[in-house]
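Encoded as structure tokens, the structure appears first; notes follow it.
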Amino acid sequence: MSVSMRFVCVSEASQATAVEVLGNSENAPVTPFQLREFVSMVRGGPVLSGTLRTWRKRIGIKPNAAGFYTMDDLRLLGRYLEALAAGRTTDQFLNQEYGDYAQDRPA
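Each residue of the sequence shown is one higher than the one before, starting from 11 at the first, in my numbering.
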């Protein structure tokens, strides 16, 4: 089964375009390289490692014991990047995703 996700490319340099991400299955592991490539596609250009690390920390994305991420991590990160591009803050995004619980969530 192939998994498909669609996000809006949020590059400031060009008009928004759709970015489609395909995976072999819902449970397919996502490597750190693939995560970084996904962010670059959505942002429309390279993203600094420190910036990506900060975004992951802010929204709670962590690799598993083997160092891989999940397709759910990609979806969450994609929604976060779209929210940032729309002018929402991290707190607003977390409240949208998790409700008032986000206020009590440790950083």
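Backbone N, C-alpha and C fix where the C-beta goes; we use that ideal spot for every residue, glycine too.
For Pro42, the enclosing alpha helix (DSSP H) begins and ends at 42-53.
At least 8 Å separates the beta-carbon of Val49 from that of Thr80. Taking C-beta atoms under 8 Å as the contact rule, Phe103 and Ala93 qualify, at a distance of about 4 Å. Ranked by Cα distance from Leu87, the options Glu47, Ile71, Arg98 are led by Ile71. For the options Gln106, Thr99, Phe78, the alpha carbon positioned closest to that of Pro42 is the one of Phe78. Contact between Leu58 and Leu84 is absent: CB atoms are separated by about 19 Å, not below the 8 Å threshold. In this structure, Arg68 places its C-beta atom within 8 Å of the C-beta atom of Thr100.
Distance from the CA of Gly97 to the CA of Asn37, rounded to the nearest whole angstrom, comes to 32 Å. Here Tyr79 is bridged, per DSSP, to Val40.
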